[in-house]
Every structure is written in structure tokens, then in C-alpha cells.
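Working notes, structure below.
Number of protein chains: 2
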Amino acid sequence: MEERTEINDLGEFGLIEYLTRNIEINNAGTILGVGDDAAVIDHFGKQTVVSTDMLVEGIHFDLMYTPLKHLGYKAVVVNLSDIYAMNATPTHITLSLAFSNRFSLEALSEFYEGVYAACDKYKVDLIGGDTTTSQKGFVISVTALGEVAPDKFVKRSTAGKGDLLCVSGDLGAAYLGLTILEREKQIFLENPNIQPDLENETYCIGRQLKPEARHDIISFLAGKEIMPTAMMDVSDGLSSEILHICKQSEVGCVLYEEKIPVHDDSRQLAMKLGLDPTACALSGGEDYELLFTLKQEDYDKITLNEEIAVIGYITDASEGAHIITRGNNKHQITAQGWNAFK
Amino acid sequence: MEERTEINDLGEFGLIEYLTRNIEINNAGTILGVGDDAAVIDHFGKQTVVSTDMLVEGIHFDLMYTPLKHLGYKAVVVNLSDIYAMNATPTHITLSLAFSNRFSLEALSEFYEGVYAACDKYKVDLIGGDTTTSQKGFVISVTALGEVAPDKFVKRSTAGKGDLLCVSGDLGAAYLGLTILEREKQIFLENPNIQPDLENETYCIGRQLKPEARHDIISFLAGKEIMPTAMMDVSDGLSSEILHICKQSEVGCVLYEEKIPVHDDSRQLAMKLGLDPTACALSGGEDYELLFTLKQEDYDKITLNEEIAVIGYITDASEGAHIITRGNNKHQITAQGWNAFK
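Protein chains in written order, with this note's numbering: chain A, 56 to 397; chain B, 56 to 397.
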């Protein structure tokens, strides 16, 4: 009998590690391959940054409450976020779609409107793609290309002891937006006459349906001549991403619960839903904020930027990765981020 | 009531034309966008060529008779073929996959073995990707990057009157391979005790399951200092591709049936299946040969290459696109290539 190992047992990152363990590099121009937000290839002076993402209906989005225009916008933005997370500027995308025959041209046009809106806002060009049918559901694959000056790209694996741990914007809102949308969907399915009550939740719902990529943070850091020592975007949840940086940089960290930025609207919605705002920030995902580490001497340069919060610091690996709670308890950080395989 | 236009009515190319009709270019480095085998972007001297393809289970492949290793190999090769079709050299790929939980790690490993075999053979690097679950079926998205010296890339839109119409290798075999695999599948489904009779059909089945991209033709042309005036790869069938070149170059053509290269094994299998070998070559698809046009003065340089056949010539657009049959009849060429939307 053939051996059978379930993918669930490995999770996405274990799976990628396993499948790429024997990977060989053929081209001298390949500077950074699998294992970061994006790959880096050398092109005669400047470097090209490449990232790709796949979004699958029923796994990553629910068309019952996701307007197609927003979906097109988000499909682009989540890829651009990976390019910014390398400290690079996105320039081009390709887009491949598979969809079943329940999609009309009008529906696809709406999707593309969102794609073009994102291209326009972030000044990137859609340069190619593929469209085909699927047996079931809508599948979106975007590859983004960007550019960065030589040696200016920032990896996940280069955080150093004593560095400040920083995050942009606020966290947890996208997850809370998803939670309320899912709740209203269930209510609607049980009784189609009840109108959804979403008016007060525009902030969190907006963060879920139409996220933005933090090009402003990249511009700010460049303007202040700050090179983060490590960086990635927050797509799976803060705790999962912090553990990636710690593992790949071979360091530990201390994170302060009270420093984690959570929007007032998120806090209120969390309360209403009976959820812990900190748990939403740590494990929610889809915030597309930037998580990065800085040398301590750069601290003065960021204090006036209200969009950047210092949430902790990097320690020696032997000290592990911990969170200090508001009640001054110390807990080990565990990855409970979003996992498509569970 | 909302308007609803069926995608079927447009076909893939009509759909792409419609969806990209208002496309705007933001980056000066975007040299060639949507509408060819690949896009071209400028990177400080050399140019980067980008192509992407999506393969969907049940639409593009049937796992009942497609070994996963072959599928991985083919998923890479069909993208590299698009890069070669630009007269460029592929250097990197990204790979995104969605699969349901019926796939084990062993199955995925087999698929990746094929991916790596193709990367190894064509000297390209897998630099990134995404893996996720699907509700149903296996979806593969590959983006390939390549490089080409400035102004050496070859488009579809630049064929000129009087140019020779050429094709590499032979045509129709991949379609015939698919046909026999589908027939044996039906026989097996009706009576699982009957063993498939495929031994004599290794050539055609090989062309279907494990195609190769024609890097040898690109090397040969470069060695002889021949720049094709237009080029594309044959993925949808010869007639469909010829019409693309005619439409985009605003020219007509004459194609000679007797000049279309068909392998002896293909001819025999076509006979056995009661199919016309020429129809298989014209409409079959998936041959991944190169279709290109040359200046007449380059004719002497290619006569000794048995892998290149001159199959016709380019005319004024007003003369249309025609095939001269063995019986010396003249017919208009119509696109009956493979269409995922039908």
C-alpha cells in the first residue's frame, strides 16, 4: 500500500518547507528564493521582487458578502503588500482567473473594475494573465513584480538582538469585520427577512473587504533613511508573523500587549461579539500592516509617526518569544494564525 | 433586472479583449502588455519577459490518466514555451497551487518532482509560490519570467507581406494522444477488466502528457543570426495561432496542407481513430511548437534544419487567410482551436 501523509498534519509552512527542501538554484541572478514575502532576482543593477498569491472561493472569500469589485481590489492589494514588505516598489502584476459558468461578463467586469482601481491607486500595470473555466468556484492567482535598489530589500531573517519590534496601523479589524459578516450571513440564511445591521461597523468591514497596502510606511522609512533590519506583512495574524521573524532570524522577542495598536471601533466590536481584542490582533490575520524591526538608534526618527507603534523588542533566541500581558503576566507566543489547511 | 452576458458567447480572446480594453499603463518600463505570449518590461538594459498560465483539473487535465509528475513537468513547460515564443530565455518561475484534501503529501511530492525536473532541464529557478486548499479539484498557476536583450523580443504583430510562415517539429500528436487516452478511459470505465492498449501510441501520448518547449529552435535561430519577424507558440491549434498572427499583424496568409508536418505515428493513430491528420494539426492544440515568420532572405539558413518546416507565406490582409489542400482546393482558415469556455 502506498504511504499517505495528510497535508493537515503539516500546515502550509511545513508543507512549503517539505516541498522546497531540495530546491536547486540554476541562475546566478536568483538572489532570494522561496521563504520570504517575495523573491528577489538581479537585473543589471536594480533588483526585481516577485510575489504570488492564490485566492480560492469558499476558502479565502465568500461571494455572498464580498462585492466583486472589492474582491478584485483586494486580490491585487494583498500581493502588493508582499512587495512593500520587501521594502520594494511594486510595478507590474499578472492576473489569472478560473471561474464557473455562473459568472456573467458583467460580474467579471465588476471584478476587473476593482483590479484596475488598485492598479491605478498603486501605480502598477496589469501586464498579462490567463482566464479559464473551473468546474466549481472562482480562483484568482496574482503575481506581482516590483523593483528595489541593490541591497535595499529587507528580509525576514535579519532581525538582531536589541532591535525594536514595530507594526504599522492597527490590528484585528479585518478579522472582526469577517466575523460580523459571517454572523450576519448566518442570520440572513436563517431568516431572509431580517436586514443586516452593519452600519456601525464600516471600519472593520472596510478593513476586511477593501484592505490597503502600506506604501506610505515604505515611503516614510525611505524619507527618514531608515532601513528596517527585518520586515514582513501581517497576513496571518501578528503572533504567527512574529514567530516567522524570530525563527528565520534565530532570535527571540518580548511583545507588550498594551502596545499592540487596536482601533477603537475594533475594540467596541470585539466587546459586542464577546471577543478579546488582543486575541483578534494576535491571531486574526488579513490586516496587511507591516511588521518590522529597527535599530534602536532609529527610534527618535519614528516617534512622531502615529501610524507606527513600537510593540516590543528582539532578544536572544534562548529567551524565546513572549508576550507581557496588561496584568503583567508572561506567556509564550504561539502561532494561531489563519491556516487554509485547517 | 441586471444585464447578463454569457462568457461562452465571447470566447477567451473576446473576453480578454473586452476586459482589457481600457487598460492604462502607469510605468514607463512597461514595453509590451496584455495580448501576446508574454509581456515585456524594461530593466536597465535587459528586458524581463513575463507569462502566466492557469491549469484547472477537469478542464485542462484529467488525473485519471495524467501522472502527477508529468503534470508538474507540463505545468512548467507550457509557461516556458510562452517565454521562448518571445525569443527570450526563461530564468524563473513562481508556482501557486490549490488542492482539495484528497491530495496526500506523497501526491504533491510527485507533482513537485515533475516541476523540479522541468526546472532542471530548462535551467530555471522556482522562486516562490502559494499553496492553499480548494473546495474541489486541483488548480495550478505558474508565472514564468525570462530575459531578452533589448529589442530582441519577437511579437505576434510584426509579420510582413512576403514573409515565410514556419513551424517547428510536428503537429497534432498531443491532440491524438489526448483522444486515445480519453477513449481508453471510457473503455475502462465501462469495463475495468479490460487493460488499456496504449503500447503503440507512446509517441502521441508522450506529446500529450510530457510536452517539451522548443528552446533548441530559439538557440538555432540565434546561432544563425535569424530574427523571426513574428512568433508565437502553438497551444490552441495551428489555425487559431495563424489567425492570431494575421489579425495582430494585419496581414493574410497562404498555408499549404501538404507542408504541415505530421509525425508518422500521428498519421497512423489518426487513421486508426478515423480522424483527419490535417484537422488534428489545425485544431488540435497543445503541441507547444513554435510558429514564426521569416524574411525570405533567411530561407537558405533554415533549409538544413529538419525541425523547421516552411508551411506557407504571408500575404496582404485583403487576401485573407487560406489553406491550399492536397487536392488543390482553397479554403478560408477558421479558428477551431481549443476553447476552455466551450
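Here a beta-carbon is modelled for each residue, glycine too, at the ideal position from N, C-alpha and C. Just so it is clear, the structure is predicted and the values come from calculations on it, not from any experiment.
### Query
Counting pairs of Cβ atoms below 8 Å between the segment 298-314 of chain A and the segment 144-152 of chain A, do you hit three or more?
Between the segment 298-314 of chain A and the segment 144-152 of chain A, the count of Cβ pairs shorter than 8 Å is below three; the stretches do not touch.
### Query
Who are residue 332 of chain B's beta bridge partners in DSSP?
None, per the DSSP bridge assignment.
### Message
I want to verify the contact list: residues of chain A whose CB lies under 7 Å from the CB of residue 126 of chain B, in sequence order.
### Response
Near residue 126 of chain B there are no residues of chain A at all, since even the closest Cβ is about 15 Å away, more than 7 Å.
### Message
For a minimum of 3 consecutive residues, which ranges assigned as the beta strand (DSSP E) are wholly contained in the segment 94-129 of chain A?
### Response
You should have 94-98, 101-111.
### Task
Would you please verify whether the beta carbon of residue 185 of chain B is less than 9 Å from any beta carbon of chain A?
Residue 185 of chain B belongs to the set of residues whose beta carbon lies under 9 Å from a beta carbon in chain A.
### Task
Go through the segment 203-277 of chain A residue by residue and report every complete run of the beta strand (DSSP E) that reaches 3 residues or more, in order.
Fully enclosed beta strand (DSSP E) runs of 3 or longer: 219-223.
### Message
Just to confirm my understanding: we take residue 271 of chain A, look at its own chain, exclude 5 residues before and 5 after, and list those with CB closer than 8 Å. What are they?
### Response
Answer for residue 271 of chain A: 362, listed in chain order.
#### Entry: For residue 299 of chain B, the first and last residue of its enclosing alpha helix (DSSP H)
Where residue 299 of chain B is concerned, the enclosing alpha helix (DSSP H) starts and stops at 293-304.
### Task
Report yes if the C-beta distance between residue 231 of chain A and residue 339 of chain A is below 9 Å; otherwise report no.
Yes, the Cβ-Cβ distance between residue 231 of chain A and residue 339 of chain A is below 9 Å.
#### Entry: CA-to-CA distance, residue 216 of chain A to residue 387 of chain A, given in whole angstroms
Rounded to the nearest whole angstrom, the CA to CA distance from residue 387 of chain A to residue 216 of chain A is 18 Å.
#### Entry: Which of helix, strand or coil DSSP assigns to residue 175 of chain A
Looking at residue 175 of chain A - three-state DSSP - the assignment turns out to be helix.
#### Entry: Short-range partners of chain B found in the segment 113-143 of chain A, where Cβ spacing is below 8 Å
Only those residues of the segment 113-143 of chain A whose C-beta falls short of 8 Å from the nearest C-beta of chain B are listed: 113, 114, 115.
### Message
Could you check whether the Cβ of residue 160 of chain B sits closer than 9 Å to any Cβ belonging to chain E?
### Response
Although the question refers to chain E, the structure presented lacks it and instead comprises the protein chains A and B.
### Task
Measure the Cβ-Cβ separation of residue 170 of chain B and residue 227 of chain B and say whether it is below 9 Å.
Taking 9 Å as the cut-off, the beta carbon of residue 170 of chain B is found no closer than this to the beta carbon of residue 227 of chain B.
#### Entry: C-alpha distance - residue 119 of chain A paired with residue 142 of chain A, whole-angstrom precision
C-alpha separation (whole angstroms): 35 Å.
### Task
Quick one: grab the DSSP three-state call for residue 166 of chain B.
Helix at residue 166 of chain B.
### Message
Check whether chain B comes within 9 Å of residue 194 of chain A, counting only Cβ atoms and requiring the distance to be less than that.
### Response
Yes, contact with chain B.
### Query
Of all the CB atoms in chain A, is at least one closer than 9 Å to the CB of residue 105 of chain B?
So yes, residue 105 of chain B belongs to the interface.
### Query
Can you tell which of A:195, A:233, A:287 has the C-alpha that lies nearest to the C-alpha of residue 212 of chain A?
Measuring C-alpha to C-alpha distances from residue 212 of chain A to each of A:195, A:233, A:287 identifies A:287 as the nearest.
### Message
Based on DSSP bridge pairs, tell me the residues matched to residue 385 of chain B.
### Response
Per DSSP, B:379.
### Task
Report, in whole angstroms, the separation of the C-beta atoms of residue 285 of chain B and residue 198 of chain B, which I expect to be a contact under 8 Å.
Residue 198 of chain B and residue 285 of chain B do not touch by the CB rule: their CB atoms are close to 24 Å apart, not below 8 Å.
### Task
Please list, in chain order, all residues of the same chain as residue 188 of chain B whose beta carbon is under 8 Å from its beta carbon, the five residues on each side excluded.
Within the same chain, residue 188 of chain B has close Cβ partners 153, 154, 155, 156.
### Query
Residues in its own chain within less than 7 Å of residue 375 of chain A by CB, not counting five upstream and five downstream?
Result list for residue 375 of chain A: 307, 387, in chain order.
### Task
Identify whether residue 185 of chain A lies in helix, strand or coil by the three-state DSSP scheme.
Three-state DSSP puts residue 185 of chain A in a strand.
### Message
Taking the straight line between their C-alpha atoms, what separation do you get for residue 162 of chain A and residue 133 of chain A?
### Response
Roughly 21 Å between the two C-alpha positions.
### Task
State yes or no: is the beta carbon of residue 274 of chain A nearer than 9 Å to at least one beta carbon in chain B?
Chain B contact via Cβ: absent.
### Task
Quick one: give me the first and last residue of the beta strand (DSSP E) that residue 288 of chain B is part of.
The continuous beta strand (DSSP E) containing residue 288 of chain B extends over residues 285-289.
### Task
Compute the Euclidean distance between the alpha carbons of residue 117 of chain B and residue 252 of chain B, then round it to the nearest angstrom.
For residue 117 of chain B and residue 252 of chain B, the distance between alpha carbons rounds to 18 Å.
### Task
Look at the Cβ atom of residue 381 of chain A, then the Cβ atom of residue 313 of chain A, and state whether they are nearer than 9 Å.
Yes, the Cβ-Cβ distance between residue 381 of chain A and residue 313 of chain A is below 9 Å.
#### Entry: Backbone secondary structure at residue 139 of chain B - three-state DSSP
Of the three classes helix, strand and coil, the one that applies to residue 139 of chain B here is helix, per DSSP.
### Message
Using a Cβ-based criterion (distance less than 8 Å to any ligand heavy atom), does residue 374 of chain B qualify as near the ligand HEM?
### Response
The ligand HEM is absent from the structure shown, which contains no ligands of any kind.
### Query
Rounded to a whole number of angstroms, what is the C-alpha to C-alpha distance between residue 121 of chain B and residue 264 of chain B?
Each residue's Cα considered, the two are about 7 Å apart.
### Message
For chain B, check one thing: does any of its Cβ atoms lie closer than 9 Å to the Cβ of residue 203 of chain A?
### Response
By this cut-off, residue 203 of chain A is not an interface position.
### Euclidean distance between Cα positions of residue 61 of chain B and residue 194 of chain A
Computed Cα separation, rounded: 18 Å.
### Message
Quick check on residue 343 of chain A: does DSSP put it in helix, strand or coil?
### Response
Here residue 343 of chain A sits in coil by DSSP.
### Query
residue 178 of chain B: which of B:262, B:196, B:144, B:111 sits nearest, CA to CA?
The option with the nearest alpha carbon to residue 178 of chain B is B:144.
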